[in-house]
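Numbering (this note's numbering), first residue to last: 160 to 437. Beta carbons are placed, not taken as given, at the ideal position from N, Cα and C, and that holds for glycine.
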Ligand SMILES: C[S@@+](CC[C@H](N)C(=O)[O-])C[C@H]1O[C@@H](n2cnc3c(N)ncnc32)[C@H](O)[C@@H]1O
C-alpha cells in the first residue's frame, strides 16, 4: 500500500508497553465462599476499566507473533470471508478514506487497498502494529480517543475487537465523530450460535479446543480469555441500540456462518445525536 494521507501525520515511533505482572484473567474468580452462578463467575473474573485496557494491550503484544497463524488455524480460514463481508458492508468507492479500527497486524488492509481506498489502521498494541503489511499507514492509538480529525472519514471497519474495548459507548461515539455524515461502519465480532447442535459444537470448539490449542502454540492465559471475553458483549438488540444512540442510522445486525460471528453495520446520521460530535 503506497497511499498517503496529507492531512494526517505519520505515527510517532512505537513505545513498548510495560509487561503486566498478572495474566489477563485469573483462572478462578475471587468471590469468597458465596456460591455464584457460572455466567456471573465469568464476568467477575474479567478485568474492567484501566485494568482491562492495560491487560488487553499487554496480551496482544504477547500473542502478536503467532496471532495470524492461529487465526487461520482456529477459524479454518473462514476469517477471510468474514472480513470480506465486513468490507462489502462499507459500500466503498475508490479514493475514499477508511479507518481500520483495532487493526492488529492489519489483515483488513490488503482488502481495503484492493478496493482502491486510502486505509489507516489504528491499534493499541505496538507488537501487533509491527506486523502490519510493509508500507501500510498505521498508528498506535486508543479507540476511545482516536488521533484523527472530526468528520473526515468515509468509512470505518473493525474486526474482532469490540469485546476488547473497555467500553463500547465511547468508542462508538469516536467513530461517529471521525466519520462524515453518510459514512459507513462495519463491526465484526464473534458470537454464540442459537441453534442447539451448533451451540454444543461451538461450545466444545471455542470453549475447550481453542484454549487448549492456543495454550500449546501461543499463550495459555490469552486463549483462555478468548471464550470468556464473549461475556463483555451485549446482546444484539442492545448492541444495535448502542450504535443508534451513538449517531448511526440504517443499523443492521447480521449473523454469519450459523451465528458464530456477528456483523453490525450502519450509516453516520446527517445530524449529530447523543454523544456523537461532528
Ligand atoms: C482480536 S484482535 C483483532 C485484530 C484485527 N482487527 C483482526 O481482525 O485480526 C483485537 C485488537 O484490538 C486491539 N485493541 C484492543 N483494545 C483497543 C483499544 N482500546 N484501542 C485500539 N485497539 C485496541 C488489540 O490491540 C488487538 O490488536
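Spatial neighbours of residue i within its chain, please: CB distance less than 6 angstroms, with the 5 preceding and 5 following residues excluded, ordered by chain position.
{"i": "residue 160", "result": "At residue 160 the pLDDT is 41, less than 50, meaning the model places this residue with poor confidence and gives no usable figure here."}
{"i": "residue 255", "result": "276 and 313"}
{"i": "residue 345", "result": "245, 248, 249, 316 and 424"}
{"i": "residue 279", "result": "258 and 296"}
Is residue i near ligand 1, judged by its Cβ being under 7 angstroms from some heavy atom?
{"i": "residue 281", "result": "yes"}
{"i": "residue 314", "result": "no"}
{"i": "residue 421", "result": "no"}
{"i": "residue 212", "result": "yes"}
{"i": "residue 262", "result": "yes"}
{"i": "residue 216", "result": "yes"}
{"i": "residue 365", "result": "no"}
{"i": "residue 301", "result": "yes"}
{"i": "residue 284", "result": "yes"}
Can you list, in chain order, the residues of its chain with a C-beta nearer than 8 angstroms to that of residue i? Leave out the 5 residues immediately preceding and following it.
{"i": "residue 326", "result": "303"}
{"i": "residue 225", "result": "376 and 377"}
Using a Cβ-Cβ cutoff of less than 7 angstroms, which residues in the same chain neighbour residue i once the five nearest sequence positions on both sides are dropped?
{"i": "residue 414", "result": "350 and 421"}
{"i": "residue 269", "result": "292"}
{"i": "residue 319", "result": "347, 348 and 349"}
{"i": "residue 331", "result": "401, 402 and 405"}
{"i": "residue 322", "result": "348, 388, 389, 391 and 392"}
{"i": "residue 233", "result": "369 and 372"}
{"i": "residue 440", "result": "Because the chain is modelled from 160 through 437, residue 440 falls outside the range shown and cannot be assessed."}
Using the beta-carbon count (16 or more within 10 Å), is residue i buried or exposed?
{"i": "residue 291", "result": "buried"}
{"i": "residue 352", "result": "buried"}
{"i": "residue 228", "result": "exposed"}
{"i": "residue 354", "result": "exposed"}
{"i": "residue 333", "result": "buried"}
{"i": "residue 263", "result": "buried"}
{"i": "residue 361", "result": "buried"}
{"i": "residue 235", "result": "exposed"}
{"i": "residue 375", "result": "exposed"}
{"i": "residue 367", "result": "exposed"}
{"i": "residue 239", "result": "exposed"}
{"i": "residue 305", "result": "buried"}
Just verifying my parser: in three-state terms, what is the DSSP assignment at residue i?
{"i": "residue 427", "result": "strand"}
{"i": "residue 443", "result": "Because residue 443 is not part of the residues shown, which for the chain are 160 to 437, the question remains open."}
{"i": "residue 349", "result": "strand"}
{"i": "residue 307", "result": "coil"}
{"i": "residue 222", "result": "helix"}
{"i": "residue 344", "result": "strand"}
{"i": "residue 216", "result": "helix"}
{"i": "residue 183", "result": "Residue placement at residue 183 is flagged as unreliable, the pLDDT there being 49, under the threshold of 50; the coordinate-derived value follows with that caveat. Here residue 183 sits in coil by DSSP."}
{"i": "residue 243", "result": "helix"}
{"i": "residue 192", "result": "In this prediction, residue 192 scores a pLDDT of 34, lower than 50, which makes its location untrustworthy; no coordinate-derived value is stated."}
{"i": "residue 199", "result": "In this prediction, residue 199 scores a pLDDT of 37, lower than 50, which makes its location untrustworthy; the coordinate-derived value is nonetheless stated afterwards. It is helical."}
{"i": "residue 333", "result": "helix"}
Would you mind giving the Cβ-Cβ distance between residue i and residue j, rounded to the nearest angstrom? I have them listed as a contact below 8 angstroms.
{"i": "residue 205", "j": "residue 390", "result": "6 angstroms"}
{"i": "residue 426", "j": "residue 402", "result": "About 10 angstroms; that fails the 8 angstroms criterion."}
{"i": "residue 385", "j": "residue 369", "result": "6 angstroms"}
{"i": "residue 260", "j": "residue 281", "result": "6 angstroms"}
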